[in-house]
Amino acid sequence: ELETQSFSAGVAGCWAGRTVEMPGLPEPLVILECPDHGIPGKVWDGGLILAEFLAAHPEWVQGKKVLEVGSGTGLSGIAAACSGARAVILTDLPDHVPILAANAAASLGAVSAARARLGIEESEGTDGIVTGEALVWGEDLEMLPDMGIDVVLASDVVYEPQYWGLLADSLAALLRPGGVALLAHRPRHSDEPEFWVMVRLVFDVEELQKVSPMYPHVRDVTVFKLTRRTDEAS
Numbered sequence: 039e040l041e042t043q044s045f046s047a048g049v050a051g052c053w054a055g056r057t058v059e060m061p062g063l064p065e066p067l068v069i070l071e072c073p074d075h076g077i078p079g080k081v082w083d084g085g086l087i088l089a090e091f092l093a094a095h096p097e098w099v100q101g102k103k104v105l106e107v108g109s110g111t112g113l114s115g116i117a118a119a120c121s122g123a124r125a126v127i128l129t130d131l132p133d134h135v136p137i138l139a140a141n142a143a144a145s146l147g148a149v150s151a152a153r154a155r156l157g158i159e160e161s162e163g164t165d166g167i168v169t170g171e172a173l174v175w176g177e178d179l180e181m182l183p184d185m186g187i188d189v190v191l192a193s194d195v196v197y198e199p200q201y202w203g204l205l206a207d208s209l210a211a212l213l214r215p216g217g218v219a220l221l222a223h224r225p226r227h228s229d230e231p232e233f234w235v236m237v238r239l240v241f242d243v244e245e246l247q248k249v250s251p252m253y254p255h256v257r258d259v260t261v262f263k264l265t266r267r268t269d270e271a272s
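For the sequence shown, counting from 1, position 135 maps to 173 in my numbering; every step adds exactly one.
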């Protein structure tokens, strides 16, 4: 089972954190939480459940270039690196990039141990496999396809209606036809069907997991697969 443990940390303004035990990982992930960063500075249920899903189903990210949108603390993206992703880019608003960099550094030992256990040989080590960058939804859309992203991760990101269209546009721009987004979603707004209408314009949507084996008491977070269609009009 997942274990959490508070500890003091003076990195990037983070004063507390938690160790997160994940199935199959030889070492716990160390995730720094930063109250000064507000919502992005906390580990949320969606991130825990998506991280656990990736640890149990590493085939979704193994050998692939992964980008997490609205990363917050970066837990899901770091779990992807532990599960064998070729490279992981954690993204959030510019003010929150320092916590992404801090968590990438804090989890380096766990990532290295997990990848070694998978038999992944790193010619230049694991430093740099997980990076943090600023990404504002809806901006620089014409540049996003050049990033060559195979899988996009997102958790607990559908809660502000004014950003739904920008998020949907960014997801569509990031992924080429056949690319996949994995979204851990908790319903938070009565108008959310509008978001799913936007998404289904360019993505096929499939439910992958309704109840987490590790967190069966959390019954309102679903993991969805969004597959970028070749023909947007289909």
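By construction, the Cβ of each residue, glycine as well, lies at the ideal position given by its N, Cα and C atoms.
What's the call for G62, buried or exposed, on a 16-neighbour Cβ count within 10 Å? Counting from one through the sequence shown, the residue named residue 62 turns up at place 24. Answer is exposed; the Cβ neighbour count stays below 16.
Starting from D130, follow the beta strand (DSSP E) in both directions and report where the run begins and ends. Locating residue 130 in the sequence shown gives position 92, where the first residue counts as 1. A125 to D130 is the span of the beta strand (DSSP E), which, as asked, contains D130.
What residue range is occupied by the uninterrupted beta strand (DSSP E) comprising R224? Taking the first residue of the sequence shown as 1, we reach residue 224 at position 186. Boundaries for R224: no beta strand (DSSP E) harbours it, and the DSSP string shows neither H nor E there.
For a minimum of 4 consecutive residues, which ranges assigned as the alpha helix (DSSP H) are wholly contained in the stretch 159-223? Whole alpha helix (DSSP H) segments, 4+ residues: 202-212.
Validate contact between the stretch 214-229 and the stretch 122-137 using beta carbons, cut 8 Å, 3 pairs: Result no; under three Cβ-Cβ pairs closer than 8 Å.
Inter-residue spacing [alpha-carbon to alpha-carbon] between L105 and L67: Position 67 of the sequence shown holds residue 105. Position 29 of the sequence shown holds residue 67. Rounded to the nearest angstrom, the two C-alpha atoms are 19 Å apart.
Using the beta-carbon count (16 or more within 10 Å), is H75 buried or exposed? Here the question's residue 75 lines up with position 37 in the sequence shown. Buried is the call here.
Taking C-alpha atoms, which residue in A119, G84, E230 and N141 lies nearest to T260? Stepping through the sequence shown from its first residue, residue 260 is reached at position 222. For the residues A119, G84, E230 and N141, the minimum Cα distance to T260 belongs to G84.
Taking 6 Å as the limit between beta carbons, can you name the residues of its chain near V189, skipping five residues before and five after? Your numbering for residue 189 matches position 151 in the sequence shown. So the list reads V99, K102, V104 and V218, once near-sequence residues are dropped.
Assuming P183 contacts A211 (C-beta within less than 8 Å), just tell me the rounded distance between them. Residue numbering aside, residue 183 sits at position 145 when the sequence shown is read from its first letter. Residue numbering aside, residue 211 sits at position 173 when the sequence shown is read from its first letter. Between A211 and P183 the Cβ distance is about 6 Å, and since that is below 8 Å, they are a contact.
What number of angstroms, rounded off, separates the C-alpha of G108 from the C-alpha of G157? As a first step, residue 108 is located in the sequence shown; it is residue number 70 there, counting from the start. As a first step, residue 157 is located in the sequence shown; it is residue number 119 there, counting from the start. The alpha-carbon atoms of G108 and G157 are separated by roughly 30 Å.
Bridge partners - T265, DSSP secondary structure assignment: Indexing the sequence shown from 1 puts residue 265 at position 227. Bridge partners of T265: V218 and D242.
Who pairs with E71 in a beta bridge, going by DSSP? Counted from its first residue, the sequence shown places residue 71 at position 33. Assignment of beta-bridge partners to E71 by DSSP yields A54.
Count the other CB atoms, across all protein chains shown, that sit within 10 Å of the CB of V196; report buried if there are 16 or more and exposed otherwise. Numbered from 1 along the sequence shown, position 158 holds the residue referred to as residue 196. Around the beta carbon of V196, a 10 Å sphere encloses 16 or more other beta carbons of the protein chains shown; the residue is thus reported as buried.
Along the chain, where does the alpha helix (DSSP H) that runs through L88 open and close? One-based indexing of the sequence shown puts residue 88 at position 50. Run containing L88: D83 to A94, per the alpha helix (DSSP H) assignment.
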